[in-house]
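Numbering (the numbering used here), first residue to last: 982 to 1104.
The beta carbon of each residue, even a glycine, is placed where N, CA and C say it ideally should be.
Computed from a predicted model, the values in this text were never measured in an experiment.
What follows is one structure encoded as structure tokens, with my remarks underneath.
What follows is the structure, given as structure tokens:
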């Protein structure tokens, strides 16, 4: 299941979690496209269940999205918290090299939200 939601704190939450479905890859890539169209500052919370995988074509589309949106995404996103089973600092370091904002691996959604709120920009 994939969802993309925004809350009053400026946190945009991207979830890719069980139960997984056949259309999840397309839904995930569409959610990335929607993130790329944002024009206002935000904080990103990503919650991955660890089981959803992208096809080779999906990986390519994701990589092209990263490249295409890097400047705007880097300017608008204040921080990113990743909640994912088995995530490692090496994985987080890949994202840290890609984007200029703070990125943190967190054990759960509550800890991730606390990290993000510390990086909220003043209105």
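Those residues which DSSP pairs with residue 1023 across a bridge: 1058
Start-to-end residues for the beta strand (DSSP E) that takes in residue 996: 992-997
Any 3 or more C-beta pairs closer than 8 Å across the segment 1037-1056 and the segment 1013-1029: yes
Straight-line Cα distance separating residue 1059 from residue 998: 24 Å
Cβ contact (3+ pairs, closer than 8 Å) linking the segment 1008-1022 and the segment 1033-1051: Touching, per the Cβ criterion.
Residue 1087 to residue 1098 span [Cα, whole Å]: 13 Å
Beta-ladder partner(s) of residue 986, from DSSP: Under DSSP, residue 986 shares a beta bridge with 994.
Neighbourhood of residue 1085 by C-beta, 6 Å cutoff - its chain only, sequence neighbours within 5 removed: 1062, 1096
Nearest residue (CA-CA) to residue 1004, options 992, 1036, 1015: 1036
Nearest-angstrom Cβ-Cβ length linking residue 1017 and residue 1046, presumed shorter than 8 Å: 6 Å
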